[in-house]
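Number of protein chains: 2
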Amino acid sequence: MSSSIPAQLVFAPGQSVADIDTSATPGFSGAKADAAPVQAERSARLTELQEMLYASHKAADDTRSVLLVLQGMDAAGKGGIVKHVVGAVNPMGVRYTSFGKPTEEELAHDYLWRIRKALPPAGHIGVFDRSHYEDVLIVRVHNLVAPEVWGARYDEINAFERELVDSGVRLVKVAMFISLDEQKRQLLERLDDPTKYWKYNPGDIDERLEWPKYQEAYQAVLDRTSTDYAPWHVVPCDKRWYSRLAVTELLIQALESLDLSWPAADFDVEAERKRLLDA
Amino acid sequence: MSSSIPAQLVFAPGQSVADIDTSATPGFSGAKADAAPVQAERSARLTELQEMLYASHKAADDTRSVLLVLQGMDAAGKGGIVKHVVGAVNPMGVRYTSFGKPTEEELAHDYLWRIRKALPPAGHIGVFDRSHYEDVLIVRVHNLVAPEVWGARYDEINAFERELVDSGVRLVKVAMFISLDEQKRQLLERLDDPTKYWKYNPGDIDERLEWPKYQEAYQAVLDRTSTDYAPWHVVPCDKRWYSRLAVTELLIQALESLDLSWPAADFDVEAERKRLLDA
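Top line first, the protein sequences correspond to chains A and B. Each residue of the first sequence is one higher than the last, beginning at 57 in this note's numbering. Each residue of the second sequence is one higher than the last, beginning at 57 in this note's numbering.
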């Protein structure tokens, strides 16, 4: 069974970030309660596909991998995707990397240096919590490098991703959008609950105030780096149950596109059974 | 609520590997059906503690970490521990590494080189699926290096682990034991199910035939590297539901020993609330 969610999330040329309905649930007509059983069933499917990907590498030298790229403003729900969607699959086959403020060593290298180091090995699902896109988002908004430097990066990123795709990496790029109201609600929740203080960063408000500039920067990312080989998906995130289901479906679609199957035995099953029974 | 399982699993000086009752369930008197609700409840507790560890690093510069070391013969259930026990916690806070046959680059370095590279960052739970102990197990059984070389490693490993503990790593060393009968049953299962062929390796039978030598090598590991700062735990694994519960309890015990708490706000909560409502 395939879902109609993924097709509806692909960024369409000309689509405006300002017009995104962040409370919509494209491709899913039900409510939260309807989503729960679907999520459980689809998480199981994702888990099965992930194991097939892992098995295909392990036993049949399949060198492909999947890379989930999560971008979004603070409180858009990236952490929830990692915990609930990625958390549903076997950690053995997952490589998670969070890209924060670059270290001194990272800054002493090209911006893609730390990204390349974190690419998933064959047979794995890589998860980037923020990514090389920060180098044309926060870097652009705060003028951390000269405009001609970040300006050149869109093409560089496209070339980099072309190379990844050619080498067998299936990219799943997810741009997560919430409304400013929902963001405020989420941040307030962190202030209302002492077990969530650690997630709160006063700097988040400063970034929030830069939303118009971020909107412009996101628009440029979508306009200039949504390619046929690595399209962006625009995921409305006011309803967290929906964004989790949506990312689950995007990963399933990516894995299904690999036409995976359980590797055949590269040994004589009957002979091995006999050997084992005698051993 | 604490469990009596961990205390019963600590390796006792003089304890013989040959005498381990691999079908026992030390510290748990119930059956499989009784374990299910306990496992669910304890997994939730583990998840909470892991988040506190992560939060303590993130918001309060706590530099401690936990390192789970899994050792055991083929089909002892290491993969199941990773999938079900480690899989229950947030992947954001987990660093999983599987140590297979060393690569050429790894062989060109000291045996602890690849181990050090894989140590968990502060605030994380590291998981070693096999470990530096292979360098005194498979290496010893197959004479991959001279006896004086592997013979020196027990003390080296103790010194290495002393350093880790001093630097804030809480080690949880788990030796998983199954009977030869249960191992045969598990390996046969892989031959009976085409979705499990990829887990089957004809070499496993060769290793199985070396069990007497492995038993000796495991005995030496337990005798010589179970220290007061990094004791070994002997986990009977014929009943997989038990071994999963046992490792869950060992991780909970390790995390509880860190006396974690939710970090206090390092900002003025009321001032931030006001700022946010105005923003």
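Ideal placement from N, C-alpha and C gives every residue a C-beta, glycine not left out. The structure displayed is predicted, hence computed values, not measured ones.
Query                                                                                                                        : Result
As assigned by DSSP and simplified to three states, the class of B/D211                                                      : helix
Closest by C-alpha distance to A/S317, when choosing among A/S59, A/I76 and A/L105                                           : A/L105
Under 8 Å from the C-beta of A/N146: neighbouring residues of chain E                                                        : Among the chains of the structure shown, chain E does not appear; the protein chains present are A and B.
Members of the region 93-123 of chain B that neighbour chain A once the beta carbon cut-off is set at 7 Å                    : A111, K114 and A115
C-alpha gap between A/D262 and A/Q242, whole angstroms                                                                       : 15 Å
Identity of the residue in B/A202, B/L311, B/V325 and B/L123 nearest B/V183 by Cα                                            : B/L123
A/W288, enclosing alpha helix (DSSP H) - first and last residue                                                              : Where A/W288 is concerned, there is no enclosing alpha helix (DSSP H), although the beta strand (DSSP E) it sits in stretches over W288 to P292.
Chain-order list of residues whose beta-carbon lies under 7 Å from that of B/A302 (same chain, five-residue window excluded) : I61, L65 and V291
Which listed residue (A/A63, A/S58, A/D75 and A/G259) has its alpha carbon closest to that of A/I234                         : A/D75
Buried or exposed (CB count within 10 angstroms, at least 16 for buried), A/G70                                              : exposed
Buried versus exposed, by CB contacts within 10 Å (16 or more), A/H165                                                       : exposed
Spatially closest choice to B/S112 from B/G179, B/L168, B/P268 and B/V325, by CA coordinates                                 : B/G179
B/L163 to B/L126 span [Cα, whole Å]                                                                                          : 22 Å
Chain A contact residues for B/V150, given Cβ-Cβ distances below 7 Å                                                         : P147
Assigned secondary structure, B/Y152 (DSSP; H/G/I helix, E/B strand, else coil)                                              : strand
Segment limits, alpha helix (DSSP H) that includes B/R98                                                                     : K88 to A116
Buried or exposed by the 16-neighbour rule on C-beta atoms within 10 Å, applied to B/G156                                    : exposed
A/A91 at chain B interface by Cβ criterion, 7 Å                                                                              : no
Distance between B/K252 and B/E245 (C-alpha atoms, nearest Å)                                                                : 8 Å
Any 3 or more C-beta pairs closer than 8 Å across the region 269-282 of chain B and the region 131-150 of chain B            : no
Per-residue DSSP class, three states only, for B/K229                                                                        : strand
Rounded C-alpha distance that separates A/D130 from B/C293                                                                   : 44 Å
Classification of B/E205 by the beta-carbon crowding that lies within 10 angstroms, buried from 16 upward                    : Strictly speaking, residue 205 of chain B in this sequence is Val, with Glu absent from that position. Exposed: under 16 other Cβ atoms inside 10 Å.
Bridge partners - B/S187, DSSP secondary structure assignment                                                                : In DSSP, B/S187 forms no bridge with anything.
Minimum Cβ-Cβ distance from A/L163 to chain B less than 7 Å                                                                  : no
Contact list for the region 228-255 of chain A against chain B, Cβ threshold 7 Å                                             : K240, L243, L244, L247, P250, T251, Y253 and W254
Of the listed residues B/A116, B/V228, B/V195 and B/Y210, nearest to B/W288 (C-alpha basis)                                  : B/V228
Contact under 7 Å by Cβ, B/A310 with B/R226                                                                                  : yes
6 Å Cβ shell around B/V141 - same chain, five flanking residues per side excluded                                            : R300, V303 and T304
The alpha helix (DSSP H) enclosing B/S299, as first and last residue numbers                                                 : R296 to E312
Distance, B/N199 Cα to A/Y285 Cα                                                                                             : 50 Å
CB contact flag (A/I308, A/L109, <7 Å)                                                                                       : no
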